[in-house]
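Student: My questions will all concern the structure given below.
Numbering (our numbering), first residue to last: 148 to 286.
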């Protein structure tokens, strides 16, 4: 499920403002109609805080077992996203993992002030350029 999803547009270009906060980069998105601030993380898959997924009534479509970089195991929920909008880019058919912040204090610290992570599964159809001088993410 985390490899599902495609852009609506056959050809697209999106330039998104980046926000820097405590050494992390964030983008603004719309997740199934809900405005969201997401941590940009090309080393992870798209993940939403379970609290955000529940508040937005995103349907759970499964669960998956994962290991993080330290080897720790976790079981995460999977939710279906109707759409993920990143500026002019619209993605459909995506799934996102969900995790409770109580289960992962380190992640809770990284995601403070955001709804989750924008990860590699959402960006796999895009060439990604990070312009730190201009604080833009080009897709």
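For glycine and all other residues, C-beta sits at the position ideal for the given N, C-alpha and C.
Who pairs with residue 164 in a beta bridge, going by DSSP?
Tutor: For residue 164, which the question treats as bridged, DSSP gives the partners 283.
Student: Taking the alpha-carbon positions, what's the residue 232 to residue 209 distance?
Tutor: Roughly 23 Å between the two C-alpha positions.
Student: Look at the alpha carbon of residue 247 and the alpha carbon of residue 195, and state the distance between them as a whole number of angstroms.
Tutor: So the alpha carbons of these two residues sit roughly 9 Å apart.
Student: For residue 193 and residue 167, I'd like the C-alpha separation in whole angstroms.
Tutor: Cα-Cα distance, rounded: 19 Å.
Student: Can you tell which of 216, 154, 224 and 182 has its C-alpha closest to the C-alpha of residue 253?
Tutor: Residue 253 has its Cα closest to that of 216, out of 216, 154, 224 and 182.
Student: Within a Cβ cutoff of 6 Å, which residues of the same chain sit near residue 226, ignoring the five residues on either side of it in sequence?
Tutor: Here the set comprises 200, 205, 207, 243 and 245.
Student: Tell me whether residue 259 sits in a helix, a strand or coil according to DSSP, three-state version.
Tutor: Residue 259 falls in the coil class under three-state DSSP.
Student: Less than 9 Å between the beta carbons of residue 267 and residue 152, yes or no?
Tutor: No, the Cβ-Cβ distance between residue 267 and residue 152 is not below 9 Å.
Student: Roughly how far, in whole angstroms, is the beta-carbon of residue 155 from the beta-carbon of residue 237, given that I think they are within contact range, below 8 Å?
Tutor: The Cβ separation is near 4 Å, so the contact holds.
Student: Roughly how many angstroms lie between the CA atoms of residue 270 and residue 241, to the nearest whole one?
Tutor: In a straight line, the C-alpha of residue 270 is about 11 Å away from that of residue 241.
Student: Considering residue 242, what are the terminal residues of the beta strand (DSSP E) in which it resides?
Tutor: Looking at the DSSP string, the run of the beta strand (DSSP E) that includes residue 242 is 236-246.
Student: So what's residue 200 in DSSP terms, helix, strand or just coil?
Tutor: DSSP places residue 200 in helix when its eight states are reduced to three.
Student: Can you have a look at residue 222 and say buried or exposed, based on whether 16 or more other CB atoms are within 10 angstroms of its CB?
Tutor: Residue 222 is exposed by the Cβ-count criterion.
Student: Whole angstroms is fine: what's the gap from residue 284's alpha carbon to residue 160's?
Tutor: One C-alpha to the other measures close to 11 Å.
Student: Please list, in chain order, all residues of the same chain as residue 214 whose beta carbon is under 7 Å from its beta carbon, the five residues on each side excluded.
Tutor: So the list reads 220, once near-sequence residues are dropped.
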